[in-house]
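Structure, as structure tokens:
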Amino acid sequence: MTTYTPMIQQYLQVKADYQDAFLFFRLGDFYEMFFDDAIKASQELEITLTSREGGGAERIPMCGVPHHSAANYIEQLVERGYKVAICEQTEDPKQAKGVVKREVVQLITPGTMMEGKNLSDKENNYIATISLFADEQFGFAYSDLSTGESKATLLKGIDSLLNELSLSGAKEVVISDDFSKEYQKRLQERGTLTLSIENDLDEKDVHVPLLQGIQEQQLRSTVVRLFNYLYRTQKRSLDHLQPVSTYVIDQFMKIDYFSKRNLELTETIRSKGKKGSLLWLLDETKTAMGGRLLKQWIDRPLLNKEEIEYRQNLVETMIGHYFERQDLREKLKEVYDLERLAGRVAFGNVNARDLVQLKKSLQQVPIIQQIVASFGSKEAMRLAEDLDPCEDITDLLERAIVENPPLSIKEGNIILDGYHPELDSYRDASRNGKTWIAQLEREEREKTGIKSLKIGYNRVFGYYIEVTRANVHLLQEGQYERKQTLANAERYITPELKEKESLILHAEEKMVELEYEIFTTIRETIKEYIPRLQNLAKTVSTLDVLQCFATVSEDRRYVKPVFSSDRTLSIKNGRHPVVEKVMNAQSYVANDCAMHKDRELLLITGPNMSGKSTYMRQIALTSILAQIGCFVPADEAALPLFDQVFTRIGAADDLISGQSTFMVEMLEARNALLHATNNSLILFDEIGRGTSTYDGMALAQAIIEYIHHEVGAKTLFSTHYHELTVLAEELPSLSNVHVSAMEQNGKVVFLHKIKEGAADKSYGIHVAQLAELPEALIERAQELLTSLEQKDQFAGEAAVAVIEKPVMKAEIAEEEAQLSFFETEEKKPQKVISTKEKQIVNKLKDLDILEMTPMQALNTLYELHKKVRNDR
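Heads up: the sequence shown begins at 1 in UniProt numbering, then just goes up one per residue.
Given below as structure tokens:
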């Protein structure tokens, strides 16, 4: 290192503490990068890679970006999961001895972005932390630095942790350096995550107000790890951080990662975008903070009936006050993002335009308060009382900040006249001085008779009188003092002009400095109001989501659901909310659903494309809508409170972790079967189709029986295995329903109507015909189907026999007795048992039925049957 120049040595010393980040090293008007950082950044940002001498034997790779446009480059790197350390000059170069002092002033990471296009208005930007304790107990906390919101919980098991991490959508996770490598791999399998290290678990004075109410030491240490990381990397005031809100996952309806994806709650499976999701359907919010809260409510439906009904009552009230609700929506449009404005105030990166937005937002609050109070219900009155107009801030900003301030806070023209007497005096001096100079110019033109004489200014020479060379002879000797000679003119000064110059320049310099001081004082004053602003933001965002529910419910003809105490589910003319919106509402076929203690499990049959999956999903979405407090798409709805929703819908590989479609299917089924209770909702679509027919049929039946006997959850199970419909005769809580279809002129017509009973056929070839497969292929498929249907039915009957009822240990004796019919026949004198038949009987006796797969059983039966027929 001693061979490098002092500046490169300084760079390497700083870089040593930020090995996992790009170091933006400030040199003049550029942020420079060197060595490996330069090589990698030039590739990622597509900027020119150069080199420079650094004192060593070889030239050092180097690239850089202008400091005024660095934000765009930083955003690009952070969006790709990188970290960027900003290293600034921390002393005046004019007073520096040797190399100017520099140090990192902020570490920007995916989880700590405070502004920029990567920070979506209607999405939180969470950074999370995980602590691992004994017995696979995890501490989990996450915070949105842009809003100051923080939450924490204790979780049992890696699956619960992964599910919560997925729900949070965190882009960065802070862990200890000894965190399990196996678990780190599991974390990153779920998506692109930036992993960061923090080992400091010491509680500090600044943590005291943030940790109030947290008693569990494991939870405290988890939260402290996160806050220590934030304070260490951001290196500034974080006064907007709110006290941590603790929660228990059992307080909300659990929707695991797979189910959230399958139901397309916040993004679609195909495009990963918002359009086509439940969030897209519902989002009629008018504020950014309302949009974020809506997503949080969808992720965590309520279990508390009183809380749900509180929301429902407000939605009902707003539906009944159409004109007032429209006024509310118009006023909410004028409310900016109070949460993030408060965060920017605390963070120190707020500008004057942000404060104007804050002022305009607060000016709407008294009007919003009046509108909400006019709704008249007790719930609305409570919300109106919670709206804090923060009049002191509004008054301060109305008196202090100009209406259209510049972006920069260090160039003046921010503060209104009349707000600060000293600033007014400087402005008066500056304005009067410039007026005096304009007057002087006129007087000198008259005095000298030189019409082209002008008084100008530049930063090097200050104010001057300029006379063209052709008119210099008109000046009297000694009239002006020569200052500068140009090619075509001479520039002069006078003692009087120099005196006014000093006054004007001093006033302007002081004016800019004083405006910045006044602005920072205003910012510090507003900091004291941050808790009030955050409480106001919560109330406004709640109002916004509720008016959104009311608007959607009225526009789309939703009804207020009721909650049953006996676990009854009864939906009249229910619809899938998203499909209905995408389609013409008039063409959507509504369907009923009835489930109660004697009808807990619906086995749904019917052809592909007929609407089985849509029907299943609409039941789940209706339940979720009800439990977030919204009305539901139906004519009537009585629902139980579901504690969990599990789904197995659609085919998906998990190639990253090496899992096939069928393995994913089995894992999702396992998750439901292990964790569901009798208060849960299970949706299983085509379970078992990823393996052979008889394996799949056997698995499907076993799963149905397990749910029926062991779990007792409300379950919708769709299948193409029509053989399973006989289970309705054996399982008292199972009922068959089907999606109706009809043939018309040799083509299938889907009616999309759910009817009682089992479907009579699958219409698979008809669906292929609708998909416009080649006509020759369709004809050949029909021939093969006819041939198969006309063949001996014994194999099919044997398969049904194997799958229809699993052989239990207690039934072995009975089966053996039934299989000994050959021996009973032997007692009849007229019948002689052949040697081959005896061999068959002996082989049957030797079979270990419990160890055979359905396919093995089918093949064995077929072989034995073939031998018997050939012998005859």
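We put the beta carbon where it would ideally sit given N, CA and C, even for glycine.
Values in this document were obtained by computation on a predicted structure and should not be read as measured data.
Which residues in the same chain as residue i place their Cβ atom closer than 8 Å to its Cβ, once the five residues preceding and following it in sequence are excluded?
i, result
"Cys390", "Leu362, Val365, Tyr529, Arg532, Leu533 and Leu536"
"Phe22", "Met33, Asp37, Lys40, Ala41, Leu77, Tyr82, Lys83, Val84 and Ala85"
"Arg445", "Lys451 and Leu453"
"Leu731", "Leu601, Ile704, Glu705 and His708"
"Glu172", "Thr109, Pro110, Gly111, Thr112, Ile127, Ala128, Leu193, Thr194, Leu195 and Ser196"
"Thr494", "Ile465, Tyr480 and Glu481"
"Ser245", "Glu149, Ser150, Lys151 and Ala152"
"Ala373", "Ala380, Met381 and Ala384"
"Gln10", "Val99 and Arg102"
"Ser186", "According to the sequence provided, residue 186 is Arg. The question's Ser does not apply to it. If we look at Arg186 and ignore the five residues flanking it on each side, its Cβ neighbours are Ile158 and Leu162."
Quick test of your reading: residue i and residue j, contact by CB under 8 Å. State the CB separation rounded to the nearest angstrom.
i, j, result
"Tyr492", "Tyr464", "7 Å"
"Lys560", "Asp592", "Going by Cβ atoms, the distance from Lys560 to Asp592 rounds to 18 Å, so no, they are not a contact pair."
"Glu385", "Thr317", "Not really, about 15 Å apart at Cβ, beyond 8 Å."
"Glu216", "Leu154", "7 Å"
"residue 900", "Gly139", "This structure cannot speak to residue 900, because the chain is shown only from 1 to 872."
"Thr605", "Thr725", "6 Å"
"Tyr336", "Lys360", "7 Å"
Measuring CB to CB, does residue i end up less than 8 Å from residue j?
i, j, result
"Leu302", "Leu294", "no"
"Thr233", "Leu107", "yes"
"Thr222", "Thr129", "yes"
"Glu284", "Thr647", "no"
"Ala758", "Pro607", "no"
"Arg236", "Val174", "no"
"Tyr426", "Met511", "yes"
"Phe563", "Pro633", "no"
"Arg311", "Gly629", "yes"
"Met674", "Leu263", "Correcting the residue type first, residue 674 is Leu in the shown sequence and not Met. No."
"Leu338", "Val540", "yes"
"Ile60", "Ile8", "yes"
"Ser553", "Val315", "yes"
"Glu508", "Ser430", "yes"
"Lys305", "Asp643", "no"
"Ser259", "Thr268", "no"
"Phe684", "Phe717", "yes"
"Arg292", "Glu123", "yes"
"Gly712", "Ala700", "no"
"Glu115", "Asn351", "no"
"Tyr31", "His67", "yes"
"Ile401", "Val356", "yes"
"Gly320", "Asp544", "no"
Using DSSP's beta-bridge definition, name the partner residues of residue i.
i, result
"Asn228", "According to DSSP, which records beta bridges pairwise, Asn228 is partnered with nothing at all."
"Ile108", "Val84"
"Ser735", "Leu602"
"Asn458", "Gly462"
"Ser666", "Note on identity: in this sequence residue 666 is Met, with Ser being the wrong assignment. Paired residues: none, contrary to the question."
"Ser245", "Lys151"
"Asp685", "Ser718"
"Arg482", "Tyr492"
"Glu756", "Val737"
"Arg26", "Tyr31"
"Arg427", "Paired residue(s): none; Arg427 is not in a bridge."
"Phe252", "Leu302"
"Arg52", "Ile60"
"Gln644", "Lys254"
With a threshold of 6 Å on Cβ separation, who are the neighbours of residue i within its own chain once the five nearest residues in sequence on each side are excluded?
i, result
"Gln89", "Arg26, Val100 and Arg102"
"Met808", "Residue placement at Met808 is flagged as unreliable, the pLDDT there being 40, under the threshold of 50; a coordinate-derived value is accordingly withheld."
"Gly690", "Thr661, Phe662 and Glu665"
For residue i, collect the residues of the same chain with a Cβ closer than 7 Å to its Cβ; drop the 5 residues on either side in sequence, then sort them by chain order.
i, result
"Gly56", "Thr3 and Tyr4"
"His752", "Val589, Ser610, Gly611 and Val739"
"Asp177", "Ile197 and Asn199"
"Arg329", "Lys286 and Gln547"
"Pro6", "Gly98 and Val99"
"Asp20", "Lys83"
"Ile367", "Lys331"
"Ile518", "Ile415, His420 and Leu423"
"Arg469", "Asn488, Ala489 and Glu490"
(request) Write down every uninterrupted run of the beta strand (DSSP E) in the stretch 584-637 whose length is 3 residues or greater and which is fully enclosed by it, in chain order. (result) For the stretch 584-637, the full-length beta strand (DSSP E) segments reaching 3 residues or more read 591-595 and 601-605 along the chain.
(request) Please specify which runs of the beta strand (DSSP E), each continuous and at least 3 residues long, are wholly inside the stretch 99-144, giving them in chain order. (result) The qualifying runs are 102-108, 126-133 and 137-144.
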